[in-house]
Structures are given as structure tokens and as C-alpha cells.
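Asks: For the numbering used here, count along the sequence shown from 1 and bump the result up by 34.
Shown below is the structure under consideration.
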Amino acid sequence: MKKITTADFRDYRRDRFIDAQTTPAARLAPTYMLTNEMGVDGDICEELSPALCAKVEFDIPSAKTKGAELLFYVNADKSTADKPMRLQVNGHVLTHRQDRERMLTGGWDRKKIAAKYLKEGTNEFVFSHSGVLHIDPFPGGLADAPSSRSSRSFDGGKTWHQGTLGEARAIEGEYRDIRPKGRSARRSSTSPTKTAAAASLRGWAFAACT
35 MKKITTADFR DYRRDRFIDA QTTPAARLAP TYMLTNEMGV DGDICEELSP ALCAKVEFDI
95 PSAKTKGAEL LFYVNADKST ADKPMRLQVN GHVLTHRQDR ERMLTGGWDR KKIAAKYLKE
155 GTNEFVFSHS GVLHIDPFPG GLADAPSSRS SRSFDGGKTW HQGTLGEARA IEGEYRDIRP
215 KGRSARRSST SPTKTAAAAS LRGWAFAACT
């Protein structure tokens, strides 16, 4: 089989995990975002308390993670600057106090998570005690709406309920809160001609940034 070598990937079709725009070479994109919400509407918010908790689940594809950064949407809320939010990552209790100077534009707060708190497969993130989270409702009438990865507790985390988001406790959707960053388990780039072979790049690291 003939080996095809190229030094310019700018005309290649590629997924979002490959960067071939800044230079002719193909490079692994430095971040990988995991998110559940559709990003349609983020105007509805819920207040957190010791009794009112929010939980979101994300699937991490590798056990060899190097850490993550959670990005959660709080809009203009500043309550956790004075009274810290409680965050549980797979049962490990952490606290978060807002630093406005470190927040991203558009109302996104962030919290670094060490690799020792993460695992391969389903990871649970529970928010409580102080602050707010915003909701992205599923579009009305969407028959094939995915199963929600967000749930809510009204008794401090003893029981969890789906489809109870919002003030009326009747919204199906996702919290617009968690976007772990890291590397994709697989990336691919395909040449613009049918005769050329497809090029693929593999990686396993799940990191906040590189």
C-alpha cells in the first residue's frame, strides 16, 4: 500500500478536534468540551441551598485523565463571592468561591477539578448551599428529546427527580452549567480527494487545557 505524505492540511475536511487553520500542519486541538445542553435558552435560573441541590452527569471516556475545568453559567449572580457554593464530584466535597476577575465573558464561572476526583465512565457533579444555576429547557414538542442528564433534589440529595427543573418544578431540560475541557479520545481528518487515504490522530488525555 502506497503511503501518502502531506505537509498542508488546510483543505482537508476535519472534525472540531483538529486545528489546521493557524498553520498548514495538523495539530491536536488543545481542548475538548463535554456538554449536555442544546444552548437554546439560558434565561431560567434556580437558586441553590442546603436542601435544593442540582446534579449533572457526564461520561468521561478515559481513566487516564489529567484534570478538568468545570464551566457553569451564573449570568450576573455574585452570591458565591460572599457565601461559597458546595460542589461534590463523585462524592468528594469541594467548595467554590467566585472570583469575578477569573470569570469568563458572558457570565460563565469556572472551577478546576483535580484528576483524582474524576473517573472513567459516568461522573456526578452536585451543586448546593449557595449560588444559582441556569436551565436550558428541551424545545417543546421534541418527540426524540434525549434522556436528561440533569436532576434536582429538594431534600439535600437524599432523593433525585428528573423533569422538575424551574420554579414550577415542571421543566424537562439540562442545567447550563458544566463544560469539562480535555482531549478527545479520537480525532480525524480526511483529504479533499477520494484517492487519498484518511488521516487520523488518537489521544487519551482529559485536561483543562494544554
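Glycine included, every Cβ here is placed at the ideal spot set by N, Cα and C.
1. I need the straight-line Cα distance from Glu208 to Asp189, nearest angstrom please.
2. If you follow the beta strand (DSSP E) that Glu158 is in, where does it begin and where does it stop?
3. Between which two residues does the beta strand (DSSP E) carrying Val108 extend?
4. Do His163 and Arg210 have their C-beta atoms closer together than 8 Å?
5. Excluding the 5 residues flanking Ala204 on each side, which residues of the same chain have their C-beta closer than 8 Å to its C-beta?
6. Within 10 angstroms of its Cβ, does Val123 collect 16 or more other Cβ (buried), or is it exposed?
7. Asp77 and Phe106 - do their beta-carbons sit closer together than 8 Å?
8. Does DSSP classify Lys98 as helix, strand or coil?
9. Note down, in chain order, each residue of its chain lying with its Cβ closer than 8 Å to the Cβ of Ala110, except the 5 sequence neighbours on either side.
10. From Phe159 to Glu91, what distance separates their C-alpha atoms?
11. Tell me which same chain residues have a C-beta within less than 7 Å of the C-beta of Ala85, skipping the five on either side of it?
12. For Leu167 versus Ile94, is the C-beta spacing smaller than 8 Å?
13. Here's the rule: buried if 16 or more other CB atoms are within 10 angstroms of the residue's CB, otherwise exposed. What is Val108?
14. State the beta-bridge partners of Trp142 as determined by DSSP.
15. If you draw a straight line from the alpha carbon of Val127 to that of Lys98, how long is it in whole angstroms?
Replies: Walking through what the data contain:
1. The sequence position of residue 208 within the sequence shown is 174, counting from 1. The sequence position of residue 189 within the sequence shown is 155, counting from 1. Whole-angstrom Cα-Cα distance: 20 Å.
2. Here residue 158 corresponds to residue number 124 of the sequence shown, with the count starting at 1. 155 to 162 is the span of the beta strand (DSSP E), which, as asked, contains Glu158.
3. As a first step, residue 108 must be located in the sequence shown, where it is residue number 74. Note, Val108: premise wrong, no beta strand (DSSP E); not H, not E.
4. Start at 1 with the first residue of the sequence shown, and residue 163 comes out as number 129. Start at 1 with the first residue of the sequence shown, and residue 210 comes out as number 176. Cβ atoms of His163 and Arg210: not closer than 8 Å.
5. Translated into the one-based positions of the sequence shown, residue 204 becomes position 170. The beta carbon of Ala204 is closer than 8 Å to those of Gly197, Thr198 in its chain, skipping five residues each way along the sequence.
6. Looking up residue 123 in the sequence shown gives position 89. So Val123 counts as buried.
7. Taking the sequence shown and counting its residues from 1, the one referred to as residue 106 is at position 72. Taking the sequence shown and counting its residues from 1, the one referred to as residue 77 is at position 43. Going by C-beta atoms, Phe106 is not nearer than 8 Å to Asp77.
8. Here residue 98 refers to the residue found at position 64 when the sequence shown is read from its first residue. Note: Lys98 maps to coil in three-state DSSP.
9. Stepping through the sequence shown from its first residue, residue 110 is reached at position 76. Gly141.
10. Taking the first residue of the sequence shown as 1, we reach residue 159 at position 125. Taking the first residue of the sequence shown as 1, we reach residue 91 at position 57. Spanning the two alpha carbons is a distance of roughly 6 Å.
11. Taking the sequence shown and counting its residues from 1, the one referred to as residue 85 is at position 51. Within the same chain, Ala85 has close Cβ partners Phe188, Asp189, Gly190.
12. For this step, residue 167 is matched to residue 133 along the sequence shown. For this step, residue 94 is matched to residue 60 along the sequence shown. No.
13. Here the question's residue 108 lines up with position 74 in the sequence shown. Buried, since its Cβ has 16 or more Cβ neighbours within 10 Å.
14. Numbered from its first residue, the sequence shown carries residue 142 at position 108. Residue pairing by DSSP places Trp142 opposite Tyr107, Leu138 in a beta bridge.
15. Along the sequence shown, read from residue 1 onward, the residue named residue 127 stands at position 93. Along the sequence shown, read from residue 1 onward, the residue named residue 98 stands at position 64. Here the alpha carbons of Lys98 and Val127 stand approximately 22 Å from one another.
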